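Peer 1:
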Amino acid sequence: MDMTTGGSVSTARHRRFEEVVDVVFEPLQRYLGRRVSPSDGDEVLGDVLLVLWRRLDDVPVTDPLPWCYGVARRCVANHRRGDDRRSRLLRKLSISYVAPTEVDASTGADEGPGDPDLIRALAELPERDREIMRLWAWEELAPREIATVLDMAPNAVSLRLSRAKRRLRQSLERHDRTHGGHTRGADPGRHPS
């Protein structure tokens with residue numbers, strides 16, 4: 002094998018990897034900051050970057066971020082499964098251990114929702130719908146990009162997103178009627194019966 006050719010391929014691969022990392026690094030940090038504890042964030046990010054390096058030829062040239070979010074999502078799931086396995090093993094060994102908790106929507110990065118009613122309403126959604134809402138609201142992805150992350154059809158994502166928004170709105174309105182005596186966006190001159 003000609004070392005000159007091998008060297009230029011290796012250099013080109015490193016350059017491509019650096020280009021991808023420049024685009025996705027900060028968004029991936031924010032994404033992970035909302036989904037894992039701060040102490041686990043660097044480890045999971047390292048796992049994501051390792052996958053990106055190994056599968057660099059699969060990373061889309063244009064708009065790599067949704068594809069990388071999909072990788073990050075799977076790395077988070079793997080990390081949580083590992084925590085669960087460790088926790089079960091330690092319980093079997095009768096060692097007192099508390100597994101790190103999943104980062105709640107309210108304790109994630111600053112961009113996460115701070116409204117307790119919104120957090121509660123979001124928690125009422127099924128997990129897949131919560132993830133679709135997070136990707137849409139926090140990561141500001143379009144349905145076609147969310148489809149890439151979740152490996153779903155874009156139409157299915159659009160439908161689930163629409164339903165999730167409706168359920169979220171209904172939950173917020175229900176909570177307002179129960180606790181505040183009014184409905185968000187209701188006519189201020191009309192009292193609920």
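Numbers in the working numbering are just positions in the sequence shown, counted from 1, shifted up by 1.
Even glycine gets a Cβ: it sits at the ideal position worked out from N, Cα and C.
On a predicted model such as this, the values are computed, not experimentally measured, just so you know.
May I have the straight-line CA-CA distance separating L53 from P61, to the nearest angstrom?
Peer 2: Taking the sequence shown and counting its residues from 1, the one referred to as residue 53 is at position 52. Taking the sequence shown and counting its residues from 1, the one referred to as residue 61 is at position 60. Their Cα atoms are separated by approximately 11 Å.
Peer 1: Quick check: what's the CA-CA separation for L136 versus P28?
Peer 2: By 1-based counting over the sequence shown, the position of residue 136 is 135. By 1-based counting over the sequence shown, the position of residue 28 is 27. Distance between L136 and P28, taken at the CA atoms: about 11 Å.
Peer 1: Quick one: what does DSSP say A13 is sitting in, helix, strand or coil?
Peer 2: Looking up residue 13 in the sequence shown gives position 12. Three-state DSSP puts A13 in a helix.
Peer 1: From D105 to F18, what does the alpha carbon distance come to, in whole angstroms?
Peer 2: One-based indexing of the sequence shown puts residue 105 at position 104. One-based indexing of the sequence shown puts residue 18 at position 17. At D105, the pLDDT of 45 sits below 50, so the modelled position is not reliable and the matter cannot be decided from this model.
Peer 1: For the stretch 132-147 and the stretch 21-41, state whether three or more C-beta atom pairs, one from each stretch, are separated by less than 8 Å.
Peer 2: yes
Peer 1: Ignore the nearest five residues each way along the sequence and tell me which others in E146's own chain have a CB closer than 7 Å to its CB.
Peer 2: Numbered from 1 along the sequence shown, position 145 holds the residue referred to as residue 146. So the qualifying residues of the chain are P67.
Peer 1: If contact is defined by three or more beta carbon pairs under 8 Å, each pair taking one atom from either stretch, is the stretch 67-76 in contact with the stretch 29-45?
Peer 2: Output reads yes: the stretch 67-76 touches the stretch 29-45.
Peer 1: Can you tell me which of the three DSSP states M134 falls into?
Peer 2: Sequence index remark: in the sequence shown, residue 134 carries index 133 (1-based). Note: M134 maps to helix in three-state DSSP.
Peer 1: Do you know how far the Cα of P127 is from the Cα of E20?
Peer 2: Position 19 of the sequence shown holds residue 20. Position 126 of the sequence shown holds residue 127. Answer to the nearest angstrom: the Cα atoms are 36 Å apart.
Peer 1: Identify which residue in C69, S9, V45, L173 has its Cα closest to the Cα of T23.
Peer 2: Position 22 of the sequence shown, counted from the start, is the residue given in the question as residue 23. Before going further, note that residue 23 is Asp rather than Thr in the sequence given. Residue C69 is the option with its Cα nearest to D23.
Peer 1: Near V37, what residues of its chain come up, given a Cβ to Cβ distance below 7 Å and the 5 sequence neighbours on each side ignored?
Peer 2: Within the sequence shown, the letter at position 36 stands for residue 37. Around V37: V45, V77, H80, V104.
Peer 1: So L169 and L123 are supposed to be a Cβ contact under 8 Å. How far apart are they, rounded?
Peer 2: Position 168 of the sequence shown, counted from the first residue, corresponds to residue 169. Position 122 of the sequence shown, counted from the first residue, corresponds to residue 123. Between L123 and L169 the Cβ distance is about 7 Å, and since that is below 8 Å, they are a contact.
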